[in-house]
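Residue numbers (the numbering used here): -10 to 357. Heads up, the beta-carbon is just placed ideally off N, CA and C, and yes, glycines get one too. Scroll down for the structure; my scribbles are underneath it.
Set out below in structure tokens:
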């Protein structure tokens, strides 16, 4: 998972340097000085999203409940980085005052290759017509099956709503070539009736390292985040085809629902570990039957039956109860709330549900 974090970091760096050495072609000006959206993502509290402090696979002798909860914060952070890449790209583009349909040709400072940027009005994608579309291509790769596309953004301005698609290997063909066909998608909206803003983050086709080195490596994910005042709700699934528990049968999702307070930096989460190939949308199944405690108990029984002493069983089951509680330092407790400060977050979880694991495991993304 450390490698995956580095991939996202390199993507962020590439995005921040993305639009340099450009020549702008003239086109008919639009009323606003800059037509790009000023916001395109949601910040998730550190209590639920954290890039560091995760044990490597080699350091985990036996996966415990607190490890499952701590890993969740890392997986949520991976999704949040997808949205951060988009924000960095938009920030880079905004320097060139994109206030009209236009074309930009430039040499990327990241891979030294020629990139082509095109902005057009009224583009159809994903079942609707968008006010604008922006596409970036790697010019020398335009003959490839993907057309050399590195980035596409479709957006409306009033209210702000959009979709961004990214292929890092075409953004930076030197440093991110190892990501291959991996793609990311971020949907952002400020027109949801229940939230101030929402975002969906998708990742698909992530490269899978050897299971001996990274058994918990992520292949794909689908995550929702919605903000309402200081409260952020997050739910979704990340798919880990090589992950193992006790019995040795590989492949399961981290299926989760969570709610956090951005100001207090507190979080609460429920986590299930359903099989990757499970075709099941039911919350009760994903977080009940496949809740951490239930899964661990079945795994223990499958391997040792009634032969394991109770004290060892208790050691395996420590911190597996739901929900898990977090603060700015990470995992705090499982099953029992540490204080009344978590009550509001606790009350939100029953209305949240993960996605169908099989659909997330089979997720694919493509450009227009």
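With a CB to CB cut of under 7 angstroms and the five nearest residues on each side skipped, what residues in its chain are close to residue 43? Here residue 43 corresponds to residue number 54 of the chain shown, with the count starting at 1. In this prediction, residue 43 scores a pLDDT of 49, lower than 50, which makes its location untrustworthy; the coordinate-derived value is nonetheless stated afterwards. Short of 7 angstroms from the beta carbon of residue 43, and not among the five residues preceding or following it, lie these beta carbons of its own chain, in chain order: -10, 59, 60 and 63.
When you compare only the Cα positions, how much space is there between residue 149 and residue 341? Counted from its first residue, the chain shown places residue 149 at position 160. Counted from its first residue, the chain shown places residue 341 at position 352. Taking the straight line from one Cα to the other gives about 24 angstroms.
Report the start-end ranges of each beta strand (DSSP E) in the segment 237 to 283 that is 3 residues or longer and not cut off at the edges. Listed in chain order, the complete beta strand (DSSP E) runs (minimum 3 residues) inside the segment 237 to 283 are 241 to 250 and 255 to 261.
For residue 250, which option in 167, 238, 298 and 216 has the closest C-alpha, if you only look at C-alpha atoms? The residue given as residue 250 occupies position 261 in the chain shown. For the options 167, 238, 298 and 216, the alpha carbon positioned closest to that of residue 250 is the one of 216.
C-alpha gap between residue 357 and residue 114, whole angstroms: Indexing the chain shown from 1 puts residue 357 at position 368. Indexing the chain shown from 1 puts residue 114 at position 125. Those two C-alpha atoms are separated by around 7 angstroms.
Would you be able to state if there are at least three C-beta pairs under 8 angstroms between the segment 301 to 311 and the segment 163 to 177? No: fewer than three Cβ pairs fall under 8 angstroms.
Just checking, does the segment 291 to 302 make contact with the segment 319 to 339 on the three C-beta pairs under 8 angstroms criterion? In short, these stretches do not touch, since the Cβ pair count stays below three.
So for residue 307, helix, strand or coil by DSSP? Counting from 1 along the chain shown, the entry for residue 307 is found at position 318. Of the three classes helix, strand and coil, the one that applies to residue 307 here is coil, per DSSP.
Local Cβ density within 10 Å of residue 318, reported as buried at 16 or more and exposed below that: Reading the chain shown from its first residue, position 329 is the one you call residue 318. Only exposed fits residue 318, as fewer than 16 other CB atoms lie within 10 angstroms of its CB.
I'd like to know whether the C-beta atoms of residue 196 and residue 168 end up nearer to each other than 8 angstroms. As a working mapping, residue 196 is identified with position 207 in the chain shown. As a working mapping, residue 168 is identified with position 179 in the chain shown. Contact flag set, yes.
Helix, strand or coil for residue 54 per DSSP? Locating residue 54 in the chain shown gives position 65, counting from the first residue. If DSSP states are grouped into helix, strand and coil, residue 54 belongs with the helices.
Are there 16 or more other CB atoms within 10 angstroms of the CB of residue 213, so buried, or fewer, so exposed? Here the question's residue 213 lines up with position 224 in the chain shown. Here residue 213 is buried, its C-beta having at least 16 other C-beta atoms within 10 Å.
Is residue 222 helix, strand or coil when you go by DSSP? For the purposes of this step, residue 222 is taken as the residue at position 233 of the chain shown. The DSSP-derived three-state label of residue 222 is strand.
8 angstroms contact criterion, which residue 153 and residue 75 should meet: CB distance rounded: Counted from its first residue, the chain shown places residue 153 at position 164. Counted from its first residue, the chain shown places residue 75 at position 86. Their Cβ separation, rounded to whole angstroms, is 4 angstroms, which keeps residue 153 and residue 75 in contact under 8 angstroms.
Cα-Cα separation, residue 436 to residue 225: What the structure shows of the chain is the stretch from -10 to 357, and residue 436 is not part of that stretch, so it cannot be assessed.
Residue 292 by DSSP, collapsed to three states: which one? Position 303 of the chain shown, counted from the start, is the residue given in the question as residue 292. In the structure shown, residue 292 sits in a helix (DSSP, three-state: H, G or I).
Selection from 120, 320 and 230 that minimises the alpha carbon distance to residue 26: Start at 1 with the first residue of the chain shown, and residue 26 comes out as number 37. If we check each option's Cα against that of residue 26, 120 comes out closest.
Do you know whose CA, among 157, 222, 161 and 229, lies nearest residue 185's CA? Position 196 of the chain shown, counting from 1, holds the residue named residue 185. Closest option to residue 185, judged by alpha-carbon separation, among 157, 222, 161 and 229: 222.
Starting from the C-beta of residue 239, find all residues in its chain whose C-beta is less than 6 angstroms away, skip the five residues before and the five after it, and write them out in chain order. Reading the chain shown from its first residue, position 250 is the one you call residue 239. Same-chain partners within the cutoff: 231 and 233.
For residue 163, count the other beta carbons within 10 Å of its own beta carbon; 16 or more makes it buried, fewer makes it exposed. Which is it? Locating residue 163 in the chain shown gives position 174, where the first residue counts as 1. Taking every protein chain shown into account, the CB of residue 163 has fewer than 16 other CB atoms within 10 angstroms, so this residue is exposed.
DSSP state of residue 60, grouped into three classes? As a first step, residue 60 must be located in the chain shown, where it is residue number 71. The answer is helix: DSSP assigns residue 60 an H, G or I state.
Does DSSP put residue 123 in a helix, a strand or coil? Start at 1 with the first residue of the chain shown, and residue 123 comes out as number 134. Residue 123: strand per DSSP, three-state reduction.
Of the listed residues 116, 112, 134 and 141, nearest to residue 125 (C-alpha basis): Counting from one through the chain shown, the residue named residue 125 turns up at place 136. Of 116, 112, 134 and 141, the residue nearest in Cα terms is 141.
Measure the alpha-carbon distance for residue 99 versus residue 355 and round it to whole angstroms. The residue labelled residue 99 in the question sits at position 110 within the chain shown. The residue labelled residue 355 in the question sits at position 366 within the chain shown. Residue 99 and residue 355: Cα-Cα distance of roughly 23 angstroms.
Cut-off 7 angstroms between Cβ atoms - residues of its own chain near residue 352, not counting five sequence neighbours on either side: Position 363 of the chain shown, counted from the start, is the residue given in the question as residue 352. Only 191, 193, 209 and 211 meet the Cβ criterion.
For residue 267, I'd like the list of residues in its chain whose CB is within less than 7 angstroms of its CB, leaving aside the five on either flank, ordered along the chain. Walking along the chain shown from the start, residue 267 turns up at place 278. Counting only Cβ-Cβ distances below 7 angstroms, and skipping sequence neighbours, we find 346 and 347.
Sequence-distant residues of its chain with Cβ nearer than 7 angstroms to residue 130 (five each side left out): As a first step, residue 130 must be located in the chain shown, where it is residue number 141. Correct list, in chain order: 137 and 159.
Evaluate residue 309 with the Cβ neighbour count: other Cβ atoms within 10 Å of its Cβ, from every protein chain shown; 16 or more gives buried, anything less gives exposed. As a working note, residue 309 is residue 320 in the chain shown. Counting of Cβ neighbours within 10 angstroms places residue 309 among the buried residues, the total reaching 16 or more.
Out of 29, 295 and 70, which has the shortest C-alpha to C-alpha gap to residue 188? Locating residue 188 in the chain shown gives position 199, counting from the first residue. Ranking 29, 295 and 70 by Cα distance to residue 188 puts 29 first.
In the DSSP assignment, what are the bridge partners of residue 29? If you number the chain shown from 1, residue 29 lands on position 40. Paired residue(s): none; residue 29 is not in a bridge.
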